[in-house]
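Chains as they are written, first to last, in this note's numbering: chain X, -12 to 187; chain S, -12 to 187. A quick write-up on the structure given underneath.
Rendered as structure tokens:
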């Protein structure tokens, strides 16, 4: 058997992750089969199972990857010296955008098997762990109110994004996607940001 | 065939609604079959279909009924002269409580058939129509900020309750039910209520 380098392993893994997003966006939740993912990635089923124990494990990796992208982006803004208020707006905004993935919606509304539930709990934990430090940094910078509960706030934002994605999936808006998104961002800003008059 | 009075019809209908809530709370989503509902209500399957075209129609009636109970309760508080701020708190609080029903969670996470989607959209509309007038009355009373978008705000609250119920169902809290609920109520209060200093 030819030896496979670490880079080759990582590349194959990334190809499977990208293929999953592509299949979900193109064919929707129903089209997200292991067979379709493997075909899209151009790998064998054997290779698939060399990287992931199950489709659920792959979906969890997709969410991890997307969460990493998002935290990298927000950290970059922080290092660029973007004012913290802008960072908070970007955080809420990016959470809305980045987590607007059919694959994620599919994962969260999947069947309630014990494995799926455990994976969902892991994802909830992963998202909270990724964003709490950003919120804490914003508190330290004096932009976010110090009396908030960072874990519960991130969980609240995550829950809202989840609900928004589900409503998008069923096209079930009473107002509209735009109106609801505007209210959501305004509500989090008002709840989180230290009022301007206190900054003077 | 003996003639059935309007009262008898209404009573049988109510018995089916109560039975649905009872079965869902006792046996969970999986136990919510038409057979179980009919047995709990002590009526025949024929009588069931004399009142409801389908289980989905019955579930929609349950949600309508619960929404009616909630609006009645909030209107009663208004007529009792409860301060508007208390009414808003009660509204958010009661939305959290009253909509915390297994039957509702089951309905909202049901299979994505066209019928189920249409019913979900109808429920979203029903909830918005029921609560927008309360929010508007609170704006008129000077307690809720006048620059809000009432439809989108009610839809936001509804979406949050929906997400909270799903997280309760899968016991997937990273913080806890209590911490998340506290953050949710505080966030809506801060977003909606006219700040105290402006009332002086």
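All C-beta atoms in this analysis are idealised placements derived from N, C-alpha and C, irrespective of residue type, glycine included.
Residues that DSSP places opposite residue 180 of chain X in a beta bridge: Position 193 of the first chain, counted from the first residue, corresponds to residue 180 of chain X. Answer is X/131.
Contacts that residue 174 of chain X makes with chain S (C-beta to C-beta distance below 9 Å): Here residue 174 of chain X refers to the residue found at position 187 of the first chain. The contacting residues are 140, 143, 174, 175, 177, 178 and 179.
Three-pair Cβ contact test at 8 Å for the region 111 to 124 of chain S versus the region 116 to 125 of chain X: no
Span of the alpha helix (DSSP H), counted from its first residue to its last, around residue 20 of chain S: For the purposes of this step, residue 20 of chain S is identified with residue 33 of the second chain, where counting begins at 1. Counting along the chain, residue 20 of chain S falls outside any alpha helix (DSSP H), and DSSP gives it neither H nor E.
Buried versus exposed, by CB contacts within 10 Å (16 or more), residue 107 of chain S: The sequence position of residue 107 of chain S within the second chain is 120, counting from 1. Result: buried.
For residue 57 of chain S and residue 158 of chain S, the rounded distance between their alpha carbons: As a first step, residue 158 of chain S is located in the second chain; it is residue number 171 there, counting from the start. As a first step, residue 57 of chain S is located in the second chain; it is residue number 70 there, counting from the start. About 26 Å.
The alpha helix (DSSP H) enclosing residue 144 of chain X, as first and last residue numbers: Stepping through the first chain from its first residue, residue 144 of chain X is reached at position 157. Where residue 144 of chain X is concerned, the enclosing alpha helix (DSSP H) stretches over 137 to 156.
Cβ neighbours of residue 39 of chain S in the same chain (closer than 6 Å, five flanking residues each side left out): Within the second chain, numbered from 1, the residue matching residue 39 of chain S stands at position 52. Around residue 39 of chain S: 45.
When S/166, S/154 and S/114 are compared against residue 138 of chain X, the one with the closest alpha-carbon: Along the first chain, one-based indexing puts residue 138 of chain X at 151. That would be S/166, whose Cα lies nearest to the Cα of residue 138 of chain X.
Pick from X/36, X/129, X/150 and X/51 that is closest to residue 181 of chain X, judged by C-alpha positions: Indexing the first chain from 1 puts residue 181 of chain X at position 194. The shortest C-alpha separation from residue 181 of chain X is found at X/129.
Chain X contact for residue 167 of chain S (CB, 8 Å cutoff): Within the second chain, numbered from 1, the residue matching residue 167 of chain S stands at position 180. Taking Cβ atoms only, chain X reaches closer than 8 Å to residue 167 of chain S, which makes this a yes.
Cut-off 7 Å between Cβ atoms - residues of its own chain near residue 133 of chain X, not counting five sequence neighbours on either side: Taking the first residue of the first chain as 1, we reach residue 133 of chain X at position 146. 126.
Distance CB(residue 49 of chain S)-CB(residue 114 of chain S) smaller than 8 Å: Locating residue 49 of chain S in the second chain gives position 62, counting from the first residue. Locating residue 114 of chain S in the second chain gives position 127, counting from the first residue. In this structure, residue 114 of chain S does not lie closer than 8 Å to residue 49 of chain S by Cβ.
Residue 33 of chain X versus residue 47 of chain X - alpha carbon distance: By 1-based counting over the first chain, the position of residue 33 of chain X is 46. By 1-based counting over the first chain, the position of residue 47 of chain X is 60. Roughly 19 Å between the two C-alpha positions.
Beta-carbon neighbours of residue 125 of chain S, restricted to chain X and to distances below 7 Å: Here residue 125 of chain S is taken as the residue at index 138 of the second chain, counted from 1. Residues of chain X passing the Cβ test: none, with the nearest at roughly 16 Å.
Inter-stretch contact at 8 Å, needing at least 3 Cβ pairs: the region -6 to 3 of chain S / the region 147 to 154 of chain X: no
Buried versus exposed, by CB contacts within 10 Å (16 or more), residue 41 of chain X: By one-based count along the first chain, residue 41 of chain X stands at place 54. Exposed is the call here.
Close-in-space but distant-in-sequence residues of the same chain around residue 62 of chain X (CB under 8 Å, 5 per side omitted): In the first chain, the residue the question calls residue 62 of chain X occupies position 75. Cβ within range, chain order: 121.
CB contact below 8 Å: residue 54 of chain X versus chain S: The sequence position of residue 54 of chain X within the first chain is 67, counting from 1. Cβ-Cβ to chain S under 8 Å: no for residue 54 of chain X.
Exposed unless 16 or more other CB atoms sit within 10 angstroms - verdict on residue 178 of chain X: Taking the first chain and counting its residues from 1, one reaches residue 178 of chain X at position 191. Answer is buried; the Cβ neighbour count reaches 16.
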